[in-house]
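Only one structure is covered here, and it is reproduced in the block below.
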Amino acid sequence: MNSARILFSKPWIWSFAATVIVWVVTVLFTGGASSLGLSQAALTFAAFSVIVGIGQMFVITLGPGNIDLSVPATMTLSGTLALKLMDVQDSMIVVGLLVSILLGFAIGIGNYVLIKLLRIPPIIATLSMSFIIQSTAIWTNRGLRIKPPEVLANFTTSSLFGIPNIAIVALILSGIAWVLLEKTIYGRWISAIGQSTFAARMTGIPVDGTRLVTYILCAILASICGYLLASFSGGAALNMGSEYLLMSIAVVVIGGTAVAGGNSNIPGIWGASLFMFLVVSMLNTYGFGAGFRLILTGIIIIAVILVAGGRRANR
Amino acid sequence: MKISSGTIRLIIPAASLALLLAAVFYMQPRAMSYTGLNLLFNLAVPIALATVAQMLIMAVNDLDLSMGTFVSFCACVAATFLQSSPAIGVLILLGAIAAYAAIGVVIHIRELPSIVVTLGMSFVWGGLAVLILPSPGGEAPGWTRWLMTSRPPFVPMAIVASVVIAVVTHFLIMRSSVGVLIRGVGGNVRSVERAGWSVIRIRAGTYALAGFFAVLSGIALVGLTTSADANIALRYTLLSIAGVILGGGEFVGGKVSPIGAVIGALTLTLAGSFLSFMRISPDWQIGAQGAILIVVLALRLFLNRLEKREKSR
Chain A
521 MNSARILFSK PWIWSFAATV IVWVVTVLFT GGASSLGLSQ AALTFAAFSV
571 IVGIGQMFVI TLGPGNIDLS VPATMTLSGT LALKLMDVQD SMIVVGLLVS
621 ILLGFAIGIG NYVLIKLLRI PPIIATLSMS FIIQSTAIWT NRGLRIKPPE
671 VLANFTTSSL FGIPNIAIVA LILSGIAWVL LEKTIYGRWI SAIGQSTFAA
721 RMTGIPVDGT RLVTYILCAI LASICGYLLA SFSGGAALNM GSEYLLMSIA
771 VVVIGGTAVA GGNSNIPGIW GASLFMFLVV SMLNTYGFGA GFRLILTGII
821 IIAVILVAGG RRANR
Chain B
2 MKISSGTIRL IIPAASLALL LAAVFYMQPR AMSYTGLNLL FNLAVPIALA
52 TVAQMLIMAV NDLDLSMGTF VSFCACVAAT FLQSSPAIGV LILLGAIAAY
102 AAIGVVIHIR ELPSIVVTLG MSFVWGGLAV LILPSPGGEA PGWTRWLMTS
152 RPPFVPMAIV ASVVIAVVTH FLIMRSSVGV LIRGVGGNVR SVERAGWSVI
202 RIRAGTYALA GFFAVLSGIA LVGLTTSADA NIALRYTLLS IAGVILGGGE
252 FVGGKVSPIG AVIGALTLTL AGSFLSFMRI SPDWQIGAQG AILIVVLALR
302 LFLNRLEKRE KSR
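Chains as they are written, first to last, in my numbering: chain A, 521 to 835; chain B, 2 to 314.
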């Protein structure tokens, strides 16, 4: 009884509960035939949302107004650049990964320089930045679709003991993020800044340094995600990141991270990512058209927020 | 001479618009004509209306991420129902405005983050738009077409419309008691509540008003493009937020400026034309738009600093 109450006081429990319900409903329709395939697909696609979602969560934790809109553009540019550089050679895989991480690093610095030096609100700063990144991606891409190196393509599309490799990568990254958030001074700092930037500054927390690192972290995670997504889908496309803008914000908030900042949680991101994918596939299974599918997705998102919500939030 | 801070807030966006306009005229003197101006600012009218709608939401410290899909939805309704059976069309649009009011109430009562609720609503509006117009099509009602393409003497329609929007919303938001209440909720909810006003009603009203302006934006857009599709205005979400900020508005505290918002929308529209006159390769058009946004905001910071130095002297 007591343990149940503790469980239900966790903000992430709702997204997992919703995920299980949607999974059961979908599998019921198909008579249990597709349960393994569905779970594997859900884990794979959720993994991409998880990777960008973690970065976005760190940024949102910094407090009201902090958000990174350059995530989709960063993913696109990173996927495009990395594939072009690797040029189907297996020996270049590591170099490609390093380059995309470096790219994320540079974009993160660029974002924060705009926010800090020009005192632009993060939404506008990262939006302007994303325009520039998107243009660079268009310029590098030139309509060519370069295939990923074979070893990398195989790695991203296969699985280990039934768990997709991508999901394992996302799990490792979440593990690192969890340690960062819960066990290091950095994690305490970003929560403190999110709860009250003024108080954090007064206690001597290096606010600017922490925020810089957070924006860099978010951009690097987006880059890695773009690298993996491009390899997974057999080539980079200019619009490959676009759906991840809303997705990265949605999974953070449905997962129970406070939008007002200062309170984040990583398990919730997994629940929310699985949930978002499963909702769409459930509606697909039941044969709804595109219009109804969108409407129901929206209503379900709002319903989850209504059930899980009611926490204190500024926005 | 004393200048109020509100006026200074306006000078900077107005100056950046003038600068951009001067640059366009310098590069393409033929733009300095009736037709030229009309072409330059034509698409600004729906963007300005959407920006005003976004500004209202931002005045009560919220943010509307469904603006683009909602305007697309309204455009689809305008190009179908409003054209074929006006009564049903008007009813649907009134229903949409009522839905906006309801969203405002729900966000307030359950203390939900507006970003997420409007994010969810953006799926709903997008879905409805796809249901109404699965493929691009429809036809603009005759009267919107007439209104948007009419040619008043001396000053092009786009400019007349922008001025009318700016003046009307200025009186509504900055001069009327309703406007004070709206900005009051953004500035200090508790004091508005203590003064005996119903915050729920104010927020519902603000959202409804924002919905109304967004509906107008959709109708104006269809008047210009003559047909609609479900994705016609998706970029309005980000454009409207950028327009409010460019115009001197802020995310929190009820600090907004309707005239500034309209100017911000005009600046963003002009930036697009400016780039095509510069003969920048299409690859870099979006990027240059981002760069212009950054330059304008840097200019604003510079002028703000200058102003502060003057004050401290």
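Where a beta carbon is used, it is the ideal one built from N, C-alpha and C, also for glycine.
query	result
Helix, strand or coil: how does DSSP classify R832 of chain A here?	Summary for R832 of chain A: the model assigns pLDDT 43, below 50, so the residue's position carries little reliability, and this model does not support an answer.
Is the stretch 78-88 of chain B close to the stretch 243-252 of chain B, with three or more CB pairs under 8 angstroms?	no
In the DSSP assignment, what are the bridge partners of A229 of chain B?	B:G138
What is the residue span of the alpha helix (DSSP H) that N631 of chain A lies within?	613-637
Check the C-beta distance from G224 of chain B over to R146 of chain B and give it rounded, since I have them as a contact under 8 angstroms.	5 angstroms
Quick one: which chain B residues come within Cβ less than 9 angstroms of Q609 of chain A?	Those within 9 angstroms of Q609 of chain A in chain B number zero; the least Cβ separation is about 27 angstroms.
Using only CA atoms, which one of A:P584, A:V619, A:V608, A:F549 lies nearest to S598 of chain A?	A:V619
Output yes or no for whether 8 angstroms exceeds the beta carbon distance between I789 of chain A and I574 of chain A.	yes
On a Cα-Cα basis, can you pick out the residue from B:E308, B:A159, B:A299, B:A262 that is closest to A45 of chain B?	B:A159
Can you give, in chain order, each stretch of the alpha helix (DSSP H) that sits fully within the stretch 536-619 of chain A and has at least 4 residues?	555-581, 591-606
Measure the C-alpha to C-alpha separation of F172 of chain B and V91 of chain B and round it to an integer number of angstroms.	26 angstroms
Taking the alpha helix (DSSP H) that P787 of chain A falls in, what are its first and last residues?	787-805
With DSSP as the reference, identify every bridge partner of P684 of chain A, one or two as the case may be.	A:S679
Excluding sequence positions up to five away, which residues of its chain have a Cβ less than 7 angstroms from the Cβ of T734 of chain A?	F578, V579, L582, I710
Does the beta-carbon of Q290 of chain B have 16 or more other beta-carbons within 10 angstroms, so that it is buried, or is it exposed?	buried
Would M722 of chain A pass as an interface residue toward chain B - the criterion being a Cβ-Cβ separation below 8 angstroms?	no
Using a C-beta cutoff of 8 angstroms, does I295 of chain B count as contacting chain A?	yes
I'd like to know whether the C-beta of R204 of chain B is nearer than 8 angstroms to at least one C-beta of chain A.	no
Whole angstroms is fine: what's the gap from V186 of chain B's alpha carbon to Q560 of chain A's?	48 angstroms
Using 8 angstroms as the Cβ pair cut-off and three pairs as the minimum, do the stretch 29-48 of chain B and the stretch 187-204 of chain B touch?	no
Contact criterion: CB-CB distance below 8 angstroms. Does V572 of chain A meet it with respect to chain B?	no
Spatial neighbours of A243 of chain B within its chain, please: CB distance less than 8 angstroms, with the 5 preceding and 5 following residues excluded, ordered by chain position.	G265, L269, L294
Are G139 of chain B and C77 of chain B closer than 8 angstroms when you measure CB to CB?	yes
Can you tell me which of the three DSSP states T656 of chain A falls into?	helix
Just to confirm, is the Cβ distance from S648 of chain A to I287 of chain B under 8 angstroms?	no
Suppose you measure from the CA of I820 of chain A to the CA of A130 of chain B; what does that come to, to the nearest Å?	18 angstroms
Could you spell out the range, first to last residue, of the alpha helix (DSSP H) harbouring T730 of chain A?	727-752
Quick check: the Cα distance between S86 of chain B and P137 of chain B, rounded to an integer number of angstroms?	19 angstroms
Name, going along the chain, the residues of the stretch 234-260 of chain B whose beta-carbon falls closer than 9 angstroms to a beta-carbon of chain A.	L239, I242, A243, I246, L247, E251, F252, V253
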